[in-house]
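Chains as they are written, first to last, in this note's numbering: chain Z, 1 to 114; chain G, 115 to 228.
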Amino acid sequence: EDQVTQSPEALRLQEGESSSLNCSYTVSGLRGLFWYRQDPGKGPEFLFTLYSAGEEKEKERLKATLTKKESFLHITAPKPEDSATYLCAVQAYSSGAGSYQLTFGKGTKLSVIP
Amino acid sequence: NAGVTQTPKFQVLKTGQSMTLQCAQDMNHNSMYWYRQDPGMGLRLIYYSASEGTTDKGEVPNGYNVSRLNKREFSLRLESAAPSQTSVYFCASSESAHLGYGYTFGSGTRLTVV
Chain Z
1 EDQVTQSPEA LRLQEGESSS LNCSYTVSGL RGLFWYRQDP GKGPEFLFTL
51 YSAGEEKEKE RLKATLTKKE SFLHITAPKP EDSATYLCAV QAYSSGAGSY
101 QLTFGKGTKL SVIP
Chain G
115 NAGVTQTPKF QVLKTGQSMT LQCAQDMNHN SMYWYRQDPG MGLRLIYYSA
165 SEGTTDKGEV PNGYNVSRLN KREFSLRLES AAPSQTSVYF CASSESAHLG
215 YGYTFGSGTR LTVV
């Protein structure tokens with residue numbers, strides 16, 4: 001069974017204090033790994049897709065990296081507006097469904113304190 | 115661009131009542147999805163439609179039905195609501211269910227069944 005585990009569940013940072021969020025996964029035949037940001041009361045907002053080990057993507061203060069077993073979302077010098085829940089999802093082929101499925105982790109709730 | 119539009123945003127039902135959640139996308143995407151999000155459970159796939167004219171069960175389909183009305187619209191129906199269906203429901207779309215494209219999510223429907 002495909003599994004996606006995110007850690008920590010919650011993270012409090014001071015403004016400017018860099019850190020990383022982790023997403024570990026066990027899937028067969030990874031097609032892509034996705035990072036989303038979700039604000040309270042809103043739907044997930046797409047951030048990045050990573051397709052192969054060694055790949056990196058950057059957007060403002062965020063940088064996502066991928067290995068064969070996990071992905072990291074590095075946050076450099078965060079600001080209060082970076083406070084949100086960050087979701088990781090992996091897409092892999094499901095033989096039971098006969099198609100590619102997206103499996104989500106439970107998310108990391110990030111709070112950045114001024 | 116509207117992206118993915120869900121209606122209604124909030125709904126309260128009594129146990130046993132029925133209702134349909136509506137979803138429409140204006141991005142000419144082929145694939146559409148319905149997820150539910152519960153505290154501590156993450157996003158779970160209810161049903162999806164890989165292309166117009168097809169629908170398939172996801173991880174938690176019991177108690178739900180779906181209709182892919184056309185390429186733009188994908189509705190979710192609760193025939194006899196139960197308290198266990200209290201959740202936040204998200205509709206999403208993507209260019210393809212098979213090629214590792216990111217999903218675009220709507221803003222959600224918050225459903226309470228009493």
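Glycine residues also receive a C-beta, built at the ideal position from the N, C-alpha and C atoms.
Just to confirm my understanding: we take VAL174/G, look at its own chain, exclude 5 residues before and 5 after, and list those with CB closer than 6 Å. What are they? Its chain contains ARG158 and ILE160 as the residues whose beta carbon lies nearer than 6 Å to that of VAL174/G, once the 5 sequence neighbours on both sides are disregarded; these appear in chain order.
Are the beta-carbon atoms of SER194/G and ASP152/G separated by less than 9 Å? Not in contact: SER194/G and ASP152/G (Cβ atoms no closer than 9 Å).
Rounded distance between the beta-carbons of GLU209/G and ASN184/G, thought under 8 Å: Not quite, the Cβ-Cβ distance comes to about 17 Å (not below 8 Å), so this is no contact.
Are the CB atoms of ALA77/Z and TRP35/Z within a distance shorter than 9 Å? no
Cutoff 7 Å; reference THR5/Z; Cβ partners in own chain excluding five residues on either side: SER24 and GLY105.
Chain-ordered residues of the stretch 28 to 49 of chain Z with a beta carbon less than 7 Å from chain G: ARG31, GLY32, PHE34, LYS42, GLY43, PRO44, PHE46 and THR49
Since GLY16/Z is in the beta strand (DSSP E), which residue starts that stretch and which ends it? Here GLY16/Z belongs to no beta strand (DSSP E), and DSSP marks it neither H nor E.
Per DSSP, GLU115/Z forms a beta bridge with which residues? In the structure as shown, chain Z starts at 1 and stops at 114, and residue 115/Z therefore has no counterpart that could be examined.
8 Å Cβ shell around ARG37/Z - same chain, five flanking residues per side excluded: Taken in chain order, the residues that qualify are PRO44, GLU45, LEU47, ALA84, THR85, TYR86 and LEU87.
So SER221/G contacts chain Z; which residues on that side make the cut at Cβ distance below 9 Å? Within 9 Å Cβ-Cβ: GLY41, LYS42 and GLY43.
Please confirm whether TRP148/G and ALA211/G have their CB atoms less than 9 Å apart. no
ALA206/G at chain Z interface by Cβ criterion, 9 Å: yes
Taking just the CA atoms, how far does TYR162/G sit from MET146/G? 6 Å
Under 7 Å (Cβ pairs) to chain Z, residues found in the stretch 118 to 139 of chain G: Answer in chain order: no residues at all.
Do TYR203/G and GLN120/G count as a contact pair if the criterion is CB distance below 9 Å? A contact, by the Cβ cut-off of 9 Å.
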